[in-house]
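Residue numbers (the numbering used here), protein chains in the order written: chain A, 203 to 346; chain B, 203 to 346; chain C, 203 to 346; chain D, 203 to 346.
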């Protein structure tokens, strides 16, 4: 399978600033591969909360993750600053594919990039739910 | 892109028992999607250490992760027991593709499955290194 | 303030086996000081769940942590096996002080030991709640 | 043992801004008690790195944690912003007691506060080392 090329900042219109933590660095002295996914979650859910589309405690419709992936191009680690670029790869009736690139400090090309797919469900029943219209409209602004 | 089907235990010959932790459960009451990758790392590096192929502090050749991915089929969470099935998808000259399925308690089909690709490098220089022969031989036993 | 001495296994009657994870080791090659608390949570809540005193999703009365502390005597790290010894330091009307020692592999004296204080509250209102009688009786067996 | 009172911002002169993450919230919908310690580490080591007193990969003298503790007064959680106030409780020949309060969003009193004690050691040998003079001088500015 072909390895993707790192994306650059100009392929994104939505950005989130993220902090690294001491515990992100593993025994090899760089950010452990697992942490990138914690940053993806934080970037996207942070944006959804700010936009009023998600209240983690009260929302009746929540996004469950059904697929994730990440390619790692160069090392990052505490205390680097990270900027996440977010775009939408696909919007289905109840699912969204988010694509995220992580930029280290002032770098123009991504140190890592990946995606995750949210399926929106009714929290109580875990049954798929249509994406609410205002959220769908907001997501469409960032469709690539 | 087609969604993969969950694998069953009989597609694996190498298994590792894994514990869940209280902090694995997120606000939705199940294992956060990030934790699956921490379990992948633990299962594979635990096996490599036991086999004598990896000493996290002293090894001069270490595996850096260049690609990971996971599909999530059903929910798990603390205090579930998890069993990881491991097989080898591909062995290159300096890279290995590990495929891992996570089985919840006594379930026969995977709650989640994924892969990650290690590139073996000289720890000091981060230059790719051939996979040592005894390790290659051991991995070949689990090539699917 | 005097530094405590490491406790030995014979000062405990309740034990839990715990796994370490790859990501527990920090850049200094040993278990990061934060992880010990994740192990405390896992040991104690795991026991409470097994005894039927806690269902993390359904329980209406849950233990919130109001105080924690830990002293570190010697280094542990992945892939060490850890055994937690648990005893009860104090039982109040709605609070419990758990004391936990972490033993590395087959060591007789603790690599680290600490405590945490749970206040039992009604999950919805966060108002303190008396400890249910069967749970109190079970805890009293391990009062030091 | 008497429970401490929450400190206020005016008892600190050194502050660090910290982000919360999605995975910080546990099943009870608030920041898990373990995360506070990850924030302590990040605040203090971040300051040490910025001041030039610590390079996590290259420093030959590093701070190992021998004691930690935290009192929790009120709930925080993602996506709250956290500000850490840092002061120095004690400086020994090779040890430092850091005292940290965590303030939630714009609150004036601490949601949680704690301490940790670093013993400075030679990384290779783990033998205690005197605190380097420039670092000692900088720490003294924040002695309470």
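Don't be surprised by glycine CBs; every beta carbon is placed ideally from N, CA and C.
From 342(A), 209(A), 308(A) and 224(A), residue whose alpha carbon lies closest to that of residue 280(A): 224(A)
Identity of the residue in 318(B), 220(B) and 337(B) nearest residue 241(B) by Cα: 220(B)
Pick from 325(C), 303(C), 308(C) and 293(C) that is closest to residue 338(C), judged by C-alpha positions: 293(C)
Inter-stretch contact at 8 angstroms, needing at least 3 Cβ pairs: the region 253-267 of chain A / the region 297-304 of chain D: no
Check whether residue 275(B) and residue 313(B) have beta carbons under 8 angstroms apart: yes
Three-state secondary structure (DSSP) of residue 327(C): coil
Entirely enclosed beta strand (DSSP E) segments - the region 275-320 of chain A, minimum 3 residues: 283-293 and 297-306
Validate contact between the region 251-258 of chain D and the region 316-330 of chain D using beta carbons, cut 8 angstroms, 3 pairs: no
Residue 283(B) versus residue 289(D): straight-line alpha-carbon distance, rounded: 42 angstroms
Backbone CA spacing between residue 217(C) and residue 286(A) [nearest angstrom]: 43 angstroms
As assigned by DSSP and simplified to three states, the class of residue 342(C): helix
Interface residues of the region 225-248 of chain D facing chain A [CB-CB below 7 angstroms]: 225, 227, 231, 240, 243, 244, 247 and 248
Outcome for residue 315(B) when other beta-carbon atoms lying within 10 angstroms are tallied against a minimum of 16: buried
Residue 343(B), buried or exposed, once every other Cβ within 10 Å from all chains shown has been counted against 16: exposed
Residue 211(A) and residue 310(A) closer than 8 angstroms at C-beta: yes
Residue range of the unbroken beta strand (DSSP E) whose run includes residue 214(B): Premise fails: residue 214(B) is in no beta strand (DSSP E) and is neither H nor E.
As assigned by DSSP and simplified to three states, the class of residue 246(D): helix
8 angstroms Cβ cutoff, residue 259(A) in contact with chain D: yes
When 213(B), 272(B) and 228(B) are compared against residue 235(A), the one with the closest alpha-carbon: 272(B)
Buried/exposed call for residue 259(B), threshold 16 Cβ in 10 Å: exposed
Expected contact under 8 angstroms - CB spacing of residue 332(B) and residue 323(B) to nearest Å: Their Cβ separation, rounded to whole angstroms, is 11 angstroms, which puts residue 332(B) and residue 323(B) out of contact at 8 angstroms.
6 angstroms Cβ shell around residue 307(B) - same chain, five flanking residues per side excluded: 282 and 283
Among 206(D), 209(D), 213(D) and 208(D), nearest to residue 346(D) - alpha-carbon criterion: 213(D)
C-beta atoms of residue 243(A) and residue 233(A) nearer than 8 angstroms: no
Beta-carbon contacts of residue 277(B) that lie in its chain and below 6 angstroms, excluding the five residues immediately before and after: 232
Interface positions of the region 260-287 of chain B facing chain C (Cβ-Cβ less than 9 angstroms), listed along the chain: 279, 280 and 281
Same chain, Cβ closer than 8 angstroms to residue 263(B), neighbours up to 5 away in sequence not counted: 322, 323, 324, 325, 331 and 334
Contacting residues, own chain, Cβ-Cβ under 6 angstroms from residue 303(A) (five flanking each side not counted): 209, 287, 312 and 315
Own chain residues within Cβ distance below 6 angstroms of residue 237(C), not counting five before or after: 226
Beta bridge counterpart(s) of residue 265(C) as assigned by DSSP: 322(C)
Which residues DSSP lists as bridging residue 227(C), in chain order: 233(C)
Beta-carbon proximity list for residue 305(C), same chain, < 8 angstroms, skipping 5 on both sides: 211, 284, 285, 286, 287, 311, 312 and 313
Closer than 8 angstroms to chain E by CB, residue 211(C): Chain labels in this structure do not include chain E; the protein chains are A, B, C and D.
Where residue 220(D) falls: helix, strand or coil (DSSP): strand
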